[in-house]
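Colleague: One structure, pasted below without further comment.
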Amino acid sequence: MEKVTYNDPWKTQEGGNHYKNFKIQPADFIHANNIPYLEGNVIKYICRHRTKGGLQDLRKAQHYIELLIDLEYRNQLAGE
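Numbers given in the numbering used here equal positions in the sequence shown, counted from 1, plus 24.
Have a look at this one:
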């Protein structure tokens with residue numbers, strides 16, 4: 025049987041190092057707290073805006089918040 029090599033994915037990062045300086049990586053925090061997809065993306069983009077995408081990352085976070093508001097509170101907003 026072929027030996028499989030394990031590379032710890034938490035020790036490497038694809039596409040930059042914008043999460044490496046956090047005490048807890050956003051993906052680890054999101055997974056450990058069972059945070060759903062939309063909320064997880066908000067956390068991810070908020071955490072990295074200073075070290076990667078700047079204003080664009082904040083706009084992405086805002087977009088995911090707007091999606092979440094629409095999905096979770098559409099009926100409530102329609103009644104305003």
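Idealized CB from N, CA, C, for every residue including glycine.
What alpha helix (DSSP H) runs, 4 residues minimum, are completely inside the stretch 40-81?
Modeller: 50-56, 61-72
Colleague: Comparing C-alpha positions only, which one of Y61, Q49, V66, F46 sits nearest to I89?
Modeller: V66
Colleague: Does DSSP classify N31 as helix, strand or coil?
Modeller: N31 sits in coil when the DSSP states are folded into three classes, being neither helix nor strand.
Colleague: Verify whether the separation of the beta carbon atoms of A85 and Y69 is less than 9 Å.
Modeller: yes
Colleague: Count the other C-beta atoms from every protein chain shown that fall within 10 angstroms of the C-beta of I54, then say buried if there are 16 or more, exposed otherwise.
Modeller: In this structure I54 is buried. Its beta-carbon is surrounded by 16 or more other beta-carbon atoms within 10 angstroms.
Colleague: Would you call D81 buried or exposed, if buried means 16 or more other Cβ atoms sit within 10 Å of its Cβ?
Modeller: Of the other Cβ atoms in all chains shown, 16 or more fall within 10 Å of the Cβ of D81; this residue is therefore buried.
Colleague: Less than 9 Å between the C-beta atoms of Y43 and P33, yes or no?
Modeller: no
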